[in-house]
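**Q**
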Amino acid sequence: MEYGHVYSPALSDSSDVSDFTDEELDQYFASYVPLSNLPTPPPPPAKSVPIVRIVEDCSTAIEPAKTPELEARAIHLSKLIPSNLSTQAASIPTISGFLARANLPNEIVAFAACILDALSLRFASSWRAANLPSTSTPFKYIPLVANLRQPPPVRSEVVVLAALSLAHGWLEDRPRSNAHWASIEGASRFTSREVELARSCILRDVDYGLFKISGEMVWWMLEDLQRAGNGNSKSEREVGVIGRKKSVAEKEKEKRPKLSLDMQGTTVWMYGMATPEPSP
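In terms of full-length UniProt numbering, the sequence shown has 258 at position 258, counting the first letter as 1, and numbering is strictly consecutive.
1. So what's E172 in DSSP terms, helix, strand or just coil?
2. Going by the beta-carbon positions, is the gap between R73 and I184 smaller than 9 Å?
3. Fully enclosed by the stretch 177–219, which alpha helix (DSSP H) runs are 4 residues long or longer?
4. Cβ of E223 within 8 Å of any heavy atom in the ligand PLP?
5. Taking only the alpha-carbon atoms, compute the straight-line gap between L164 and Q226 and give it to the nearest angstrom.
6. What did DSSP end up calling E71 once you bin it into helix, strand or coil?
7. Within 10 Å of its beta-carbon, does F211 have 16 or more other beta-carbons around it, so buried, or fewer, so exposed?
8. Short check: CB of R204 to CB of S126, under 9 Å?
9. Considering only their Cβ atoms, is the gap separating E172 from I108 smaller than 9 Å?
10. Whole-angstrom Cβ separation of I213 and L119, contact assumed at under 8 Å?
11. For H168 and P43, I'd like the C-alpha separation in whole angstroms.
12. Express the C-alpha separation of I75 and P93 in angstroms, rounding to a whole number.
13. Between W181 and I95, what straight-line distance do the alpha-carbon atoms span, to the nearest angstrom?
14. Quick check on R155: buried or exposed, where buried means 16 or more other Cβ atoms within 10 Å of its Cβ?
15. Taking G186 as the reference, give the member of Y28, P68, D26 and N103 with the closest Cα.
16. Alpha helix (DSSP H) containing V109: first to last residue?
17. Span of the alpha helix (DSSP H) holding L25?
18. Less than 9 Å between the beta carbons of A110 and V159, yes or no?
19. If I'm right that C114 touches V218 with Cβ under 8 Å, what's the distance once you round it to whole angstroms?
20. Should G215 go down as buried or exposed, given a rule of 16 or more other Cβ atoms within 10 Å for buried?
21. DSSP state of S125, grouped into three classes?
22. Might you give, ordered along the chain, the residues of its own chain that have their beta carbon closer than 7 Å to the beta carbon of S91, omitting 5 neighbours on each side?
As C-alpha cells, this is what we get:
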C-alpha cells in the first residue's frame, strides 16, 4: 500500500500514536529527518524604503512675477533705510522679491514703510553691536581681542524684511514665524536669528511704539507708495508742503515795507558796517 504523505504524529490531526498502524510508523521513520541543533534564524529584515526629503531649492523655485510697481515700492522702501547703516545701497531686486513672495496688502506695506521711516541714526550702531560674534575669552584678554572683532558684512535688506514681518504681525491675527520669513519670503538669504535680531533692534529703536503709527501716517505713506509706482517722485504730501512754504514766503514778502526812493546810493551792509550814503 502506497502513501502519498506521512505526517509527524505531533503535527497530525490526532495526537494519539496508537492510531497509527505499524506500516504507517515504518513509513514515517523511514522518511524522518532529525531537526537541526542550530537556533532558528531570525526573519529576514524588511526592505526599508529610503525616505527622500524634498528640499526646495530657492534658485530653481518658480519666482513670482515682479512688476514695475513692486520695483518702485522696493526703491521707496530702500530709501527709508537709515543712511548710515551700510556704505552699499540695498539690492532693489532682493527687496522686490520680498514683496512678491510675501504678497501683502498695500496697507501692511505702507505700515512697514512707516516703521522704517521712524528709525533713527542710532539704529545702525545698535544693530551692528547685536550682530557682533560673541566670544568666551577671559576678562584679562578681552582688550587684546576686542580690536580683532570685526563687524560682519552688513546686508541692509534684512531690515526691510524685518519691518515687513513686524507690520504683518501687528496688523494680522495670524502672524508668520521668523523661520517662515527667513526661508519663504527671504528665500533663505537670511537665517531666522538674523530676522529676529533685526526685529528686536527695530523695536528697541522705536521704543516699542508701533502703536504710535496712526492711520493718517499710513494713509500718507500709502499715497507715497502709489505715486512711486506711478513714476512720480514727489508725493502729494511733499507738493502740499512746498506749496504752503511758497504761499507763506509770498505773504511775508508782501508784508515787507517798500522803499519810497530807488537810488543807487542806498546804504549797503558789508562786513558788519554800513557804507556811507551819497551826499545831497
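All C-beta atoms in this analysis are idealised placements derived from N, C-alpha and C, irrespective of residue type, glycine included.
**A** This is what the structure holds:
1. coil
2. no
3. 192–205
4. The ligand content of the structure shown is nil, which means the ligand PLP is not present either.
5. 17 Å
6. helix
7. exposed
8. yes
9. yes
10. 12 Å between Cβ atoms; not a contact.
11. 56 Å
12. 9 Å
13. 13 Å
14. buried
15. N103
16. N106 to D117
17. D22 to A30
18. no
19. 6 Å
20. exposed
21. helix
22. E157
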